Amino acid sequence: MSQDIIAPMQRTKSRTSLRGLVPWVVFAAVLLLLPVFFQGNSTAFTLLNVIGINIVFALSYNMLLGQGGMLSFGHAVFFGLGSYAAMHAMIAIDEASYAGEGFWAHVPVLGMPLVGMIAGGLVALVLGWPFCRRAGTAFAMITLGLGEMVAAAGQMFPSLFGGEAGIYGNRMVGPQWFGLELAQSSDVYWFIAFWTFAGVFAMWAFTRTPLGRMSNAVRDNPDRLQFIGYPPRNVRFMIFIAAGSFGGLAGGMAAVNYEIITPEALGLIPSGLALLMAAVGGLGVFYGPIVGAVVVTLMNSMLSDYTDASILYVGLVFLAIVMFAPRGLGGGIEQVRVAWRDGDLGRRLPGWLSGALAVGLIIVGLVVLIELAFQATHGSDEFAHVFGVDFDAAGPWGWLTVVVLLVAGGLIKRATNKLREDQA
Amino acid sequence: MLKAVFKLFAVSLCLLSGLARAAEAEPVRFALIDPLTGPMSVVGQPALAQLQFTAERLNKEGGMDGHPIEIVGYDNKINPQESLVQLQKAIDDGIRYIIQGNGSSVGSALLSAINKHNQRNPDDRVLYLNYAAIEPSFTNERCSFWHFRFDAHVDMKMNMLTDWIAENPDFKKVFLINQDYSFGHTVSESAMRMLKEKRPDIEIVGNTFHPLGKVKDFSPYISKIKSSGADVVITGNWGQDINLLIKSAAEYGVDVPFLTYYGSTPGTITQVGDKGVDRVYLIAEYHGDFTDPEIAERQVALYKEKGWDYYPRVAAMLEMMKAAGDKAGSIEPLAVAKTLEGLEYDAAAGHLTMRAEDHQLQMPLYLSVLKDNMKHGAEGTDYNFHQIARFDADQATLPTTCRMRRPD
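Chains as they are written, first to last, in my numbering: chain A, 1 to 424; chain B, 1001 to 1408.
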């Protein structure tokens, strides 16, 4: 019996040593090749930098929620305080490099994420113990309170947090390493790329440690964990510290990228952003939050250029994923990957494709509907513009299009369901 | 999927705007980086409407140095970090004039980012035109050659409010109620300092801070005001904090004047309505009487066209930019900035001067009070602010500690 369990485990182990490297090589190659595609496009680099920061932030959040089963509404506290620590360090470097002496004069700005990481970890160490007694609702409520408390304190101590205007620094100070001047966002990209890679790798490595395994156990069955001699509270506390550290790491990256940090970064909205990214990407897959960070960042920064209802769309995407695809976008990718590995893809692909077509049609229909409704209620110009087509909310054609799209989508969805049933 | 949709959409947009532009001279483009979606869009959208409305009129008069003015909105969701992303987008889109107003946190982020951008890209400078972030330090210790402020800062407004209080011997007890964050504290501190100088006999009977945007029931604060026997209340509250405060004061029959910075925030008049009449006082760049028939006409036209009220200082800002461009004979930011320094302009509200020393607009200020049955009501109601006092620019002026570093 025990032989049966051990044998497959050994097989996966030998496989990870070889195949396990592939995603990392791909990841590194993508990071190295991205600048080639976006040469001279500062907006793209600025967005890539934000995406990098958000990837680390979302993954650190998923250490709590996805792997440890602790729903937190206060994760931005670690991000923000890490960012503040890094910013204060950057200011110290700035001042010390004028004098040219002292400890800070020899610290490169490239190392700021480590300062953020230490700060985030320390904050979690100090605050975490009383929080980690319980998971679930109690933990969620306590972290919500923590977030609000720290955000309020941020506004009340202007000497440390800079008041509403925040504190700001300059990243072009101190010793330069690797010739990185950090003047343009394309320079900063290399800094962000390095720390994103390092952060993602370290967080993946964490899932392979005994503590990482234990965090899944505390999520799935804390009682049994207690029973075999691991107090769940200790395990949660250690996960909390680790997640806080990596949240601080992301904060340190943000300090260098934005060169400003305001108390808003500590509040509920950025904490909610972490939850949003992790949930959209998928909590159950390691790389889910990465996908989520990319999608949510792009939606946040780009969508409002095209529509006045951008916030509504972000909400709808979140809602749709929680309701219809609880495993998130990453879960979907994982499903395809598993099917491909098992040689099952050819059989299942037609069903998936027609399902995707149905969902696509329904989405387009909904988008047209929202834009028409928005235009009819408080539109600023005559037409609702959707995908380059003008729809007039006063006439019947736009609304008819919505009905046709939704009905077509619905019919294809039904046909797909039948196809899948026949296959099964 | 989403990305492909974006691409398709972007391409079509480019085509459309390209067609429209081909006929005219190269436009000069201004980016408005402000909240344009979500709950805070009520403070960004009126500025966007006003800018587009004014640009249309100025373009008929020949635009800025012959170039048509174009306004592009960038939504920052009033978040400082997001604003920096939007700033980069605007710069990449070839825009060299950045307009922003709401939130000193955003203002602070843009100020330091634009300073650094101009330092790091000396061939590609950007100007920051600030129409509402009134943190005093922006034109004092943090002053910058690239930043121009078109609104009076906190201390200038407080200076006039306290002058008005000091001249009125009936006022003996002042109550300060503010939001518990840096802006609220700035308001309270400068009120206490100036009142002490001008009228040492006035007693500050209360100095209360309440959480920002979280109080649903102001009755405990109102009963505190009532029991303190205050004759006048000063508040920097904005958004729902001013609405609920005024409503609560009306319900408890507190009839003392409430001197506000933001009693005219869009939505406030509709929500406060009758309860604010003779109670809400406003210190601002203009009043709601619209004595100037031309401005009154524009107020009517703008409300009809876009559904927002006239925003005098935003209009004046764009008019001054046109004047500076025309005078410089250029739309190049550095040349425009140099002309803008010391530029004088006669707007509806009075004579405006952009002080070269710190880039703080020197402007007259008006104290007005909410009245019913006004000829030109705000927000489609019959209420608007009626002028009760006017302060000249040289009265409202304050010295600066700015030591500006100028480009060569």
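The C-beta atom is built at its ideal place from N, Cα and C for all residues, glycine as well. None of these values were measured; they are calculated from a predicted model.
For residue 1354 of chain B, the uninterrupted beta strand (DSSP E) segment begins and ends at 1350-1354. In the three-state scheme derived from DSSP, where H, G and I count as helix and E and B as strand, residue 261 of chain A is classed as strand. Within the DSSP bridge table, the entry for residue 1064 of chain B names B:1067 as partners. Rounded to whole angstroms, residue 1293 of chain B and residue 1375 of chain B show a C-alpha spacing of 12 Å. Out of B:1103, B:1065, B:1147 and B:1199, the CA that lies nearest to the CA of residue 1028 of chain B is found in B:1065. For the stretch 80-101 of chain A, the beta-carbon criterion of a distance under 9 Å to any beta-carbon of chain B is satisfied by none of its residues. Residues of chain A whose Cβ lies closer than 7 Å to the Cβ of residue 1089 of chain B are, in chain order, 43. Only those residues of the stretch 1093-1110 of chain B whose C-beta falls short of 7 Å from the nearest C-beta of chain A are listed: 1104, 1105, 1108 and 1109. DSSP places residue 370 of chain A in the helix class (H, G or I) of the three-state scheme. Identification of chain A residues near residue 1219 of chain B by a Cβ-Cβ cut-off of 8 Å yields none; the smallest Cβ-Cβ distance measures about 22 Å. The beta-carbon of residue 1084 of chain B is placed less than 8 Å from the nearest beta-carbon of chain A. With fewer than 16 other Cβ atoms inside 10 Å of its own Cβ, residue 178 of chain A counts as exposed. In this chain, the beta strand (DSSP E) harbouring residue 1127 of chain B covers 1127-1130. Shown here, residue 1201 of chain B sits in coil according to DSSP, grouped into three states, outside any helix or strand. Per the DSSP secondary-structure output, residue 100 of chain A pairs with nothing in a beta bridge. Assignment of residue 1331 of chain B by DSSP, reduced to helix, strand and coil, places it in the coil class. Residue contact with chain B for residue 46 of chain A: present (Cβ-Cβ distance below 8 Å to some residue of chain B). Spatial neighbours of residue 148 of chain A in its own chain (CB-CB distance under 6 Å, excluding positions within 5 residues in sequence) are not present. Around residue 1298 of chain B, the same chain offers 1310 as residues with beta carbons nearer than 7 Å, after the five sequence neighbours per side are excluded. The stretch 1272-1285 of chain B and the stretch 1233-1252 of chain B touch, with three or more beta-carbon pairs separated by less than 8 Å. Residue 117 of chain A and residue 252 of chain A do touch by the CB rule: their CB atoms are close to 6 Å apart, below 8 Å. The Cβ atoms of residue 332 of chain A and residue 365 of chain A lie no closer than 8 Å to each other. For residue 1037 of chain B, at least one C-beta of chain A is nearer than 8 Å to its own C-beta.
A contact is defined here as three or more CB-CB pairs under 8 Å, and the stretch 199-217 of chain A fails this definition with respect to the stretch 1142-1158 of chain B. Residue 173 of chain A: not part of any alpha helix (DSSP H); DSSP gives it neither H nor E. For the pair of segments examined, the stretch 27-38 of chain A was found not to touch the stretch 217-233 of chain A: the number of CB pairs separated by less than 8 Å stays below three. Spatial neighbours of residue 1296 of chain B in its own chain (CB-CB distance under 6 Å, excluding positions within 5 residues in sequence) are listed in chain order as 1290 and 1376. For residue 1174 of chain B, the uninterrupted beta strand (DSSP E) run begins and ends at 1173-1179, by DSSP.
Within the same chain, 27, 28 and 31 come within 8 Å of residue 197 of chain A by CB-CB distance, once the 5 residues on both sides are set aside.
For residue 1207 of chain B, the secondary structure class from DSSP, reduced to helix, strand or coil, is strand. Rounded to the nearest angstrom, the Cβ distance from residue 265 of chain A to residue 61 of chain A is 14 Å, too far for a contact under 8 Å.
Around the Cβ of residue 1340 of chain B, a 10 Å sphere holds 16 or more other Cβ atoms; the residue is buried.
As computed with DSSP, residue 1258 of chain B is found in a beta bridge with B:1233 and B:1280. When DSSP states are grouped into helix, strand and coil, residue 410 of chain A belongs to the helix group.
Remark: C-beta atoms of residue 72 of chain A and residue 143 of chain A approach each other more closely than 8 Å. Going by DSSP, residue 230 of chain A is part of no beta strand (DSSP E) at all; its letter is neither H nor E.
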